[in-house]
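Peer 1:
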Amino acid sequence: MSFHALNCPPSLLSNVNKNLYRTRPTSPLSLLQAQTVESGSSKNSGTCATIRKRRSPKHLLNQPNTVGIIGGASVSSTLIFLEKLVLWSARDAEDCLPFVVCSDPSLNEELMLSTLLHSLKTRSSQINLNDDHSSIVVENLQRKMAFLEKSGARCIVMPCHISHTWHAEISEGCSLPFLHIGECVARELKEANLKPLEAGNGVRIGLLAADGILSAGFYQQKLQNLGFEVVLPDKATIEHMLIPAVESVNKRDMEGAQNLLRIAIQVLLVRAVNVVILASNDLRGVLPHDDPLLNKCIDPMDALARSTIKWARSIKKAQRRRQQLMVDRLSILIDRKLWLRRGMIMSFHALNCPPSLLSNVNKTLYKTRRPSSPLSLLLAQTVESGSSKNSGTCATIKKRRSPKHLLNQPNTVGIIGGASVSSTLIFLEKLVLWSTRDAEDCLPFVVCSDPSLNEELMLSTLLHSLKTRSSQINLNDDHSSIVVENLQRKMAFLEKSGARCIVMPCHISHTWHAEISEGCSLPFLHIGECVARELKEANLKPLEAGNGVRIGLLAADGILSAGFYQQKLQNLGFEVVLPDKATIEHMLIPAVESVNKRDMEGAQNLLRIAIQVLLVRAVNVVILASNDLRGVLPHDDPLLNKCIDPMDALARSTIKWARSIKKVRKRSAK
């Protein structure tokens, strides 16, 4: 049977509170016994109280280039913006940007209605409409902005066209730079030094957008402020091309949508416009990436992402310059003090300076300080009630902007990312996609992920593997303690943010699941338990008489050495079949190398052989517990019917937990 379908047996819901989603009791035991190396021996360097103090910094993110992102009408649009921010910021060997994201998919209807009302008021001053809907939107987004500030963001952006209708109201009282999507587009076009296409006219910029965005007028205003002439689509273009194009997209008639959008762009281009701004989430990605017309278009979301990255890199460069200036000033100050002490004018760096003193000064002066909080990312998404009323004044709104928890929903999921940002994003996309099936609302969630943990996680896993293989190897736990403490700090932040359940979409991190979850008062799903439960509920039958049900496991050597998958499966009565040394050395490792070389055909062939080697040993299902080999086989490959991805099982279990909580709330409400 295929484990890639969302098959929810009735027995699962009855076992929710008994087994998989049980809450861990609060424990006063130490969260982490940090290890230090002194004279070749390990000593305890701290206490539980000390570590708990370190787990709750004033800000989760203390980096000067941390970006705060307020999502808007579309969760998918926020995810696309996030992916581009991660991809583009990691170019040129740069680190991924630390960022905080708050997104509320339940705002969609309020945003659309508020935009419609704003459009009607703009068109006719005789229409008397109250601002209840606008005030609800503004208050909600202001509350998220306040959360971003408290989380340590140093700059705010909104990857949402509609939300910028109230940019001025939302940003009121904000002490941080608040990028405006219209200004980002206008600035990029200004820096391009465009020339007029017709003599006697200025540079013309076309704008294709929904009627509400056009009525809001903020794109026109920002462009005109920099001297551009703005050309808007006429009524016929909107009614007979743009609106039908969006309808075609909703009907999945992509060819029809492409033809209509091309005509709409051409209608503006023949009016001597230099560039067409495509300010529509519905029409994003309609044209293929190699369409020549895209050379004449600009996506405001892309401009916002590029401007965000430029801001972050400029802050990073400024910080380096300030650090160097401080070093130079400190050096001069030390020189002057030494001059006064010695009673003569001489350079501290003269040749007669004692070598030992110079060595100590250099060690102190140029020693880089380890940041108190590594580069992290946090995604906070909430589904809040749309029935809140306007408080009436700005002061009242600001008082209501800081609730005890940002997320107050009983099915809020807290997600701790791990070694791979891309793996976290894939898990998040599946969680969003699968949770919205059957007309269900998207799950509220908070995500903390730290791409800088990659090296520490890999090294800690290697050391753990060596210690597991040989008890004679004496290795300290410094790297493991760094990882555990970092992840515990994120777990504590998720609890304070209002999460009601914790998950980790990372194989390696589950090596320390027990240590990380110690003291957590919330359900903390284990990826191994999720896989084992799904397989148990499938009622698999042994393929050989006299044997039990056998489950194959393909994973990296460090995951196999950790043994948590084997333990969870054996606890439910399964026999676990592992790949032999030859399979690992001649199939799995070369398959990963082929992926890194972008030789997908070679990787597919090697992975198929590795799976077949386990299947001939009478295993029912093969667990593919490897981020590197995820997505290698095409989705229609028959072998996938015999495989299960633990990340998919974790996503399904998370959704089942959230829906079970929602059902319990509905029953109790009756």
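Residue numbers (the working numbering): 983 to 1652. Just so you know, even glycine gets a beta-carbon here, dropped at the ideal spot from N, CA and C. These numbers come from a predicted model, not from an experiment.
1) Pull up the DSSP beta-bridge partners for VAL1603, would you.
2) For PRO1141 and TRP1070, I'd like the C-alpha separation in whole angstroms.
3) What does the alpha-carbon distance come out to for the pair GLU1664 and LEU1089?
4) Would you mind stating whether GLY1396 and THR1406 have Cβ atoms separated by less than 7 Å?
5) Select from ILE1498, ILE1643 and ARG1482 the residue whose C-alpha is nearest the C-alpha of SER1463.
6) Mind checking who SER1189 pairs with in its DSSP beta bridge?
7) Based on Cα-Cα distance, which residue from LEU1067, PHE1409, ALA1181 and ARG1515 lies nearest to ARG1295?
8) Can you give the Cα-Cα distance for SER1479 and PHE1129, rounded to whole angstroms?
9) Is VAL1212 closer than 7 Å to GLN1202 when the C-beta atoms are compared?
10) Please classify HIS1617 as buried or exposed, where buried requires at least 16 neighbouring CB atoms within 10 angstroms.
11) Quick check: TRP1494 and VAL1513, are their CB atoms within less than 7 Å of each other?
12) Bridge partners of PHE1506, per DSSP?
13) Just to confirm my understanding: we take ILE1643, look at its own chain, exclude 5 residues before and 5 after, and list those with CB closer than 6 Å. What are they?
14) CB ARG1661 to CB PRO1046, shorter than 7 Å?
15) Report the three-state DSSP secondary structure of CYS1078 (helix, strand or coil).
16) For ARG1266 and ILE1062, I'd like the C-alpha separation in whole angstroms.
17) Using 8 Å as the threshold, is the region 1601-1612 in touch with the region 1468-1476, meaning 3 or more CB pairs across them?
18) To the nearest angstrom, how far is the alpha carbon of ASP1630 from that of ARG1073?
19) When we look at the beta-carbon of ASP1562 and count the other beta-carbons within 10 Å, is it buried (16 or more) or exposed?
20) Residues bridged to CYS1625 by DSSP?
21) Tell me which same chain residues have a C-beta within less than 8 Å of the C-beta of ASN1207, skipping the five on either side of it?
22) Here's the rule I'm using: 16 or more other beta-carbon atoms within 10 Å means buried, otherwise exposed. How should ASN1602 be labelled?
23) What are the boundary residues of the alpha helix (DSSP H) that includes GLY1164?
24) What are the uninterrupted segments assigned as alpha helix (DSSP H) that are 4 or more residues long and contained completely in the region 1506-1581, given in chain order?
25) In three-state terms, what does DSSP make of VAL1249?
26) SER1431 lies in the beta strand (DSSP E); which residues open and close that run?
27) Just tell me which of ARG1244, VAL1255 and ASP1627 has its CA closest to the CA of GLY1188.
Peer 2: So, to answer that:
1) Bridge partners of VAL1603: ILE1533.
2) Distance between PRO1141 and TRP1070, taken at the CA atoms: about 16 Å.
3) Any question about residue 1664 goes unanswered here, given that the chain covers just 983 to 1652.
4) Their beta carbons are not under 7 Å apart, which means GLY1396 does not touch THR1406 by this criterion.
5) A check of alpha carbon separations from SER1463 across ILE1498, ILE1643 and ARG1482 identifies ILE1498 as the nearest.
6) Strictly speaking, residue 1189 in this sequence is Leu, with Ser absent from that position. ILE1259.
7) When each option's Cα is compared against that of ARG1295, the closest is LEU1067.
8) Straight-line Cα distance between these residues: approximately 10 Å.
9) Cβ atoms of GLN1202 and VAL1212: closer than 7 Å.
10) Taking a 10 Å sphere around the C-beta of HIS1617, we find fewer than 16 other C-beta atoms and assign the residue as exposed.
11) Their beta carbons are not under 7 Å apart, which means TRP1494 does not touch VAL1513 by this criterion.
12) For PHE1506, which the question treats as bridged, DSSP gives the partners ILE1484.
13) Within the same chain, PRO1392 and ASN1393 come within 6 Å of ILE1643 by CB-CB distance, once the 5 residues on both sides are set aside.
14) Lying before the first or after the last residue shown, residue 1661 is absent from the chain, which here runs from 983 to 1652.
15) Coil, per DSSP.
16) Rounded to whole angstroms, the gap between the alpha carbons of ARG1266 and ILE1062 is 10 Å.
17) Taking one beta carbon from each stretch, the region 1601-1612 and the region 1468-1476 have fewer than 3 pairs nearer than 8 Å; the two do not touch.
18) When rounded, the distance between both Cα atoms is 29 Å.
19) For ASP1562, the number of other beta carbons within 10 angstroms of its own is below 16, and it is reported as exposed.
20) In the DSSP output, where bridge partners are listed per residue, CYS1625 has VAL1604.
21) Same-chain partners within the cutoff: ALA1168.
22) Result: buried.
23) GLY1164 -> alpha helix (DSSP H) spans 1163-1173.
24) You should have 1509-1519, 1539-1544, 1546-1553 and 1571-1578.
25) In the three-state DSSP reduction, VAL1249 falls in the helix class (H, G or I).
26) Where SER1431 is concerned, the enclosing beta strand (DSSP E) stretches over 1427-1431.
27) Nearest C-alpha to GLY1188: VAL1255.
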